[in-house]
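Residues in the sequence shown are numbered consecutively from 1200, following my numbering.
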Amino acid sequence: MKQSHKKKKILLLLLALFLLYAILLSFNILRFKTYKAPALKSSPLEIEGVYHIHTTYSDGRKSVDEIAKLASQADIDFIILTDHGNPNHESYLSQGWKEGVLVLAGSELSVSRGHLVALGFELPSRNFSHNTEDAFYEIKARGGFSIIAHPYSKTRWSWGKFIEYGGIEIINGDTALKKNILASLPSLPALLIKPEYAFLKMFDSPHRNLRKWDELNNLHPIYGYFSLDAHLLYRPGFNLLHLHLLLQSPLSEDFDTAKHQVYEALRKGRFYNSIHAAAHAHGFRFSGEEEEKTTPMGSTVLYDSPVTLNIEAPFPFAKDIHLVHNGKMIFRSTEDSISYEAAHPGTYRVEVYLTERSPLGKNIPWIVSNPIFLRKDDK
Ligand SMILES: [Zn+2]
Ligand SMILES: [Zn+2]
Ligand SMILES: [Zn+2]
1200 MKQSHKKKKI LLLLLALFLL YAILLSFNIL RFKTYKAPAL KSSPLEIEGV
1250 YHIHTTYSDG RKSVDEIAKL ASQADIDFII LTDHGNPNHE SYLSQGWKEG
1300 VLVLAGSELS VSRGHLVALG FELPSRNFSH NTEDAFYEIK ARGGFSIIAH
1350 PYSKTRWSWG KFIEYGGIEI INGDTALKKN ILASLPSLPA LLIKPEYAFL
1400 KMFDSPHRNL RKWDELNNLH PIYGYFSLDA HLLYRPGFNL LHLHLLLQSP
1450 LSEDFDTAKH QVYEALRKGR FYNSIHAAAH AHGFRFSGEE EEKTTPMGST
1500 VLYDSPVTLN IEAPFPFAKD IHLVHNGKMI FRSTEDSISY EAAHPGTYRV
1550 EVYLTERSPL GKNIPWIVSN PIFLRKDDK
């Protein structure tokens, strides 16, 4: 008799604890909102898109048309499909304007060193090579460029001496999801109410990718990408990781011209990355200035006299801006507008952290810019 009484008490206690947890979680989920800057005027020279998406042409759950529709509803300018294949012809041939969204398609190649994303190439008559370096040159010969995908996922990248890749993924949504799903179980119920909340909770610090990226940049310029790697959950995914491209003229309505504009910005590193679900980053700028001449991010400047680095972060919510030089943070500020005299050559890039309340961990950069390279010689 006494035993069952005790059991009942424990059960009641557990139930009370569970209810308390459920109330706290619901409170946090309902309170969550994406920070936006309503007063900011949007520039037609800055376009936003999502990179690394799988469709039913490989192991994705939705068709290109369904995905384009969701992208259009999310108010995205462009998406870049990256179906598996060496290359994936069907996916490639599905490119075009769909639902007002520029749909581009590269391919995610399985090569000897891992997964390599090829973009901007003309279709080859036979498959790209399995050997990584050979594939790199074949892609280049077809007018394209390559990005190292998820270097530290289950399919890891095996590093070699060759370093001329056009890009490296800094954050990969699919890797974060698979790696941290257990740790984020407590916030999973949010998937039903505000999925972005659960996703933001799932990210962990990309310090390992950032460190490797800085190391590579010391040897050869390479650009950093936030990659969604979507196979499902496209709708919340499209609000998650964005590339912001800085164009030289507004995006053309002509498909071939628009495709060229997007790939040119990526090839030259004229873009920055943001975690869109945490806060909207439209309007961020990082540029160099030397004797009236402005240098966009991504470029290499011959360093003979000091260069002024300008950062614009015109956001009405609290943020912490880090200027990183050769992998080390050398300056930080919470101001909207910053000018810094770069007195040494090297690789300069910017990370911005959100200091407002957010499900995003404090050690995860909300914005990661591409670098400006100040070189002593013209190598
Ligand atoms: Zn896949
Ligand atoms: Zn992959
Ligand atoms: Zn992938």
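From the three backbone atoms N, C-alpha and C, an ideal C-beta is built for every residue, glycine too. Bear in mind that the values here come from a model prediction, so they are computed numbers and not experimental data.
Would DSSP call residue i helix, strand or coil?
i, result
"MET1528", "strand"
"ALA1464", "helix"
"GLU1265", "helix"
"ALA1273", "coil"
"LYS1578", "Per-residue confidence for LYS1578 stands at a pLDDT of 49, beneath the threshold of 50, marking its modelled position as unreliable; the derived number appears in the next sentence. In the structure shown, LYS1578 sits in coil (DSSP, three-state: anything other than H, G, I, E or B)."
"ASN1330", "coil"
"THR1281", "strand"
"GLY1487", "strand"
"LEU1415", "helix"
"GLU1650", "The structure shown does not extend to residue 1650, since the chain spans only 1200 to 1578, so no value can be given for it."
"ASN1472", "strand"
"THR1255", "coil"
"ALA1196", "Because residue 1196 is not part of the residues shown, which for the chain are 1200 to 1578, the question remains open."
"GLU1289", "helix"
"GLU1395", "helix"
"TYR1433", "helix"
"TYR1502", "coil"
"THR1354", "coil"
"HIS1204", "helix"
"HIS1406", "helix"
"PHE1320", "coil"
"SER1306", "strand"
"ALA1541", "strand"
"LYS1339", "helix"
"SER1225", "helix"
"PHE1425", "strand"
"ILE1209", "helix"
"ASP1453", "coil"
"SER1345", "strand"
"PRO1495", "strand"
"LYS1360", "coil"
"HIS1479", "coil"
"LYS1297", "strand"
"THR1233", "coil"
Tell me which residues share the same chain as residue i and place their Cβ nearer than 6 Å to its Cβ, disregarding the 5 neighbours each side in the sequence.
i, result
"HIS1349", "GLU1368, ASN1371, THR1374"
"LEU1315", "LEU1308, SER1345"
"PHE1572", "PRO1420, THR1499, THR1546"
"HIS1521", "MET1528, ARG1531, GLU1550"
"LEU1444", "ILE1246, ALA1464, PHE1470"
"LYS1578", "Low confidence applies to LYS1578: its pLDDT is 49, below 50, so where it sits in the model is not reliable, and the reading given next is rough at best. Taken in chain order, the list of residues that qualify is empty."
"PRO1394", "PRO1435"
"ILE1338", "ALA1317, PHE1320, SER1345"
"PHE1485", "MET1496, ILE1510, VAL1549, SER1568"
"THR1493", "SER1486"
In chain order, what residues of the same chain have a beta carbon less than 7 Å from the beta carbon of residue i, not counting five sequence neighbours either side?
i, result
"THR1254", "LYS1261, SER1262, VAL1263, ILE1266, LEU1280, ASP1282, SER1290"
"GLN1294", "VAL1302, LEU1303, ALA1304"
"GLU1540", "PRO1505, THR1507"
"THR1554", "ALA1517, LYS1518, ASP1519"
"PHE1231", "LYS1393, TYR1396, PRO1558"
"GLY1342", "GLY1319, PHE1320, GLU1321"
"LEU1387", "ALA1397"
"LYS1400", "SER1383, SER1386, PRO1558"
"ASN1438", "ALA1273, GLU1395, HIS1475, ALA1476"
"GLU1534", "none"
Compute the beta-carbon to beta-carbon distance between residue i and residue j, rounded to the nearest angstrom, for a pair I have assumed lies under 8 Å.
i, j, result
"ALA1478", "TRP1565", "6 Å"
"PHE1335", "PRO1286", "So it is not a contact: roughly 14 Å between Cβ atoms."
"GLY1259", "ALA1464", "About 25 Å separates the two Cβ atoms, so there is no contact after all."
"GLY1487", "GLY1468", "Incorrect: roughly 13 Å between the Cβ atoms, too far for contact."
"THR1147", "ARG1355", "Lying before the first or after the last residue shown, residue 1147 is absent from the chain, which here runs from 1200 to 1578."
"TYR1502", "PRO1544", "4 Å"
"ILE1275", "PHE1402", "With a Cβ gap of about 20 Å, ILE1275 and PHE1402 do not count as contacting."
"LEU1450", "ILE1252", "Incorrect: roughly 19 Å between the Cβ atoms, too far for contact."
"LEU1269", "TYR1433", "5 Å"
Output needed for residue i: all residues of its chain with C-beta closer than 8 Å, excluding positions within five of it in sequence on either side, in chain order.
i, result
"ARG1407", "TYR1351"
"PHE1454", "GLN1294, GLY1295, TRP1296, LEU1301"
"ILE1362", "LEU1415, LEU1418, HIS1419, ILE1421"
"LYS1208", "none"
Following a CB-centred definition, is residue i positioned closer than 8 Å to any heavy atom of ligand 4?
i, result
"SER1257", "Ligand 4 is absent from the structure shown, which contains only ligand 1, ligand 2 and ligand 3."
Task: Neighbourhood of ligand 2 [Cβ distance below 6 Å to any heavy atom], ordered by chain position - done: Those residues whose C-beta sits under 6 Å from the nearest heavy atom of ligand 2 are, from N- to C-terminal order along the chain, GLU1307, HIS1314, ALA1348, HIS1349, THR1354.
Open item on the list: Can you confirm whether the segment 1412-1422 touches the segment 1516-1526 when touching is taken to mean that 3 or more C-beta pairs between the two stretches lie within less than 8 Å?
Closed with: Contact check between the segment 1516-1526 and the segment 1412-1422: three or more CB pairs, one atom from each, fall below 8 Å, which counts as touching.
Open item on the list: Could you check whether the segment 1209-1225 touches the segment 1240-1249, counting it as contact only if at least three pairs of C-beta atoms, one from each stretch, sit closer than 8 Å?
Closed with: Here the segment 1209-1225 does not lie against the segment 1240-1249, with fewer than 3 beta-carbon pairs under 8 Å apart.
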